[in-house]
Amino acid sequence: MRRLRRSEAMRRLVRETHLEPSGMVLPLFVCPGEGVKREIVSMPGNFQMSVDEIVKECETVHGLGLGAVILFGIPASKDEEATGGYDADGIVQRGVRAIKRAVPGLLVITDVCNCEYTSHGHCGKIVDGDVDNDATLEWLTASAVSHAQAGADVVAPSDMMDGRVAAIRKSLDENGFAQIPILSYAAKFASAFYGPFREAAESAPQFGDRRSYQMDPANGREAMREIELDLEEGADMILIKPAMPYLDLIRQARDRFDVPVGAYQVSGEFSMIMAAARNGWIDQERAMVESLTCIKRAGASIVLTYFAKDMAKLLG
Ligand code: PBG
């Protein structure tokens, strides 16, 4: 076997998996103000950015040839009803409009969820101490339609309510957005690896946790059932999230479903590599390349990753 490993030229010839900027999506956090570019302490190199700064960032991203950006919003204020999430003049809606005006060729995905907009930090409407499924669907459909009206190319629901894909599909169609695809976070687990994101998006739940709606990390068959249901409801593409602890499920999804399969290398996966690298315990560039290559080898054709820009630069 070692004959084919003797030089980089030989290894390159027989390499089975290649990374490309077009398959990578960069998550961005848009916040109020002007000229704001605040680094997220636990996610070095990532920022909360005001609309004008996001536009500049998107020009760079487009130049690097990345597949898309996915936008998360940090509203000026939060309330019980998540109104900032479906406000036509909300922070994500303004961000999308500005990006599409300045960089029309860049694909813009929006994350559809309520946790960034609720004062309690949960992903939906609280009734009797828990998130109410069907009441939450109304907020989600309103958000998705408002994102499409602002010019989003793809909407990506990440809330894990039952029936949200069907509800969003119906609302998009009724409002003249039959052409807008849904990228569903079909199998999203209640994960410890979202920690840094919750600092970035200021969205940590103020009581309890998300285990009554996000999946139990122990359940792989249930993940396939979630994907199956989302596809029946009209999802065009699906995501597994997080990525690296769930490579088995990425592979199973790739083998079972003939739709584009994506994976989200989440904040905690990114921050662990960065923290270890900063301590001199791991080589940042090699860990980045290896983690992304293996997520792709497992079967993901689309990878959401905070390394998207660095990886694209490395690929030249
Ligand atoms: C919103 C949402 C979360 C992430 C993406 N969308 C946080 C959560 O569910 O708590 C996490 C992404 C990351 O950690 O990078 N529901």
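According to our numbering, the stretch in the sequence shown is residues 106 to 421, in order.
Glycine included, each C-beta is placed from N, C-alpha and C at the ideal position.
Could you check where the alpha helix (DSSP H) with residue i kicks off and where it finishes?
| i | result |
| --- | --- |
| Ala382 | 372 to 383 |
| Arg143 | From DSSP, Arg143 is part of no alpha helix (DSSP H) but of the beta strand (DSSP E) over 142 to 144. |
| Thr241 | 238 to 255 |
| Ser396 | 389 to 403 |
| Thr122 | No alpha helix (DSSP H) contains Thr122, which DSSP labels as neither H nor E. |
| Ile355 | 352 to 361 |
| Ile407 | Segment 407 to 410 is the beta strand (DSSP E) holding Ile407; no alpha helix (DSSP H) there. |
| Phe302 | 300 to 305 |
| Val197 | 196 to 207 |
| Gly234 | Run containing Gly234: none; DSSP gives neither H nor E here. |
| Gly189 | 188 to 191 |
For residue i, which residues of its own chain have a beta-carbon under 6 Å away from its beta-carbon, when the five flanking residues on both sides are left out?
| i | result |
| --- | --- |
| Ser308 | Cys220, Glu221, Gly226 |
| Asn238 | Met266, Asp267 |
| Pro310 | Gly226, His227 |
| Ala291 | Glu331, Ile332, Asp335, Ile343 |
| Gly300 | Gly373 |
| Ala295 | Arg315, Arg316, Gln319 |
| Phe199 | Residue identity check: residue 199 is Arg in the sequence provided, not Phe. Val156. |
| Cys218 | Cys228, Ser263, Asp264 |
| Asp280 | Checking the displayed sequence, the identity of residue 280 turns out to be Asn instead of Asp. For Asn280, where only same-chain residues beyond five positions count, the Cβ hits under 6 Å are Val250. |
| Tyr351 | Ile345 |
May I ask which residues mark the beginning and end of the beta strand (DSSP E) holding residue i?
| i | result |
| --- | --- |
| Cys136 | 129 to 136 |
| Met266 | Element bounds for Met266: n/a, residue is neither H nor E. |
| Thr223 | Note, Thr223: premise wrong, no beta strand (DSSP E); not H, not E. |
| Gln153 | 152 to 155 |
| Ile175 | 173 to 178 |
| Asp314 | Asp314 -> no beta strand (DSSP E), and no H or E assigned at all. |
| Ile332 | Looking at the DSSP string, Ile332 is not in any beta strand (DSSP E); the run it does join, the alpha helix (DSSP H), is 326 to 338. |
| Met416 | Per DSSP, Met416 belongs to no beta strand (DSSP E); it is in the alpha helix (DSSP H), 413 to 420. |
| Val217 | 213 to 217 |
| Tyr290 | 288 to 293 |
| Ile343 | 342 to 346 |
Can you find the residues in the same chain that come closer than 7 Å, C-beta to C-beta, to residue i, ignoring five residues on each side of it along the sequence?
| i | result |
| --- | --- |
| Ile204 | Ile159, Val160, Cys163, Leu211, Val213 |
| Thr398 | Thr122, Leu124 |
| Tyr191 | Trp244, Ala247, Ser248, Ser251 |
| Leu131 | Val166, Leu171, Val174, Ala413, Lys414 |
| Arg274 | Ile287, Glu338, Gly339 |
So residue i packs on residue j, CB below 8 Å; how close in whole Å?
| i | j | result |
| --- | --- | --- |
| Asp341 | Ile287 | 6 Å |
| Leu277 | Ala253 | 6 Å |
| Lys346 | Val371 | 6 Å |
| Met416 | Ala305 | That belief does not hold up - the Cβ atoms of Met416 and Ala305 are roughly 19 Å apart, past 8 Å. |
| Arg361 | Met393 | The pair is not a contact, with the Cβ atoms about 29 Å apart (cut-off 8 Å). |
| Ile179 | Val135 | 7 Å |
For the ligand FAD, is there a heavy atom less than 8 Å away from the beta-carbon of residue i?
| i | result |
| --- | --- |
| Tyr299 | By its list of ligands, the structure shown excludes the ligand FAD, since it contains just the ligand PBG. |
Can you list, in chain order, the residues of its chain with a C-beta nearer than 8 Å to that of residue i? Leave out the 5 residues immediately preceding and following it.
| i | result |
| --- | --- |
| Lys283 | Note on identity: in this sequence residue 283 is Ala, with Lys being the wrong assignment. Excluding sequence neighbours, Ala283 sits near Leu277. |
| Val201 | Leu176, Val213, Thr215, His252, Ala255, Gly256, Ala257 |
| Ala240 | Gly229, Lys230, Val232 |
| Leu420 | Leu124, Glu125, Pro126 |
**Q.** Distance cut 5 Å, beta-carbon to the ligand PBG heavy atom: residue list by chain order
**A.** My final list is Cys218, Cys220, Ser263, Tyr299, Phe302, Val371, Ser372.
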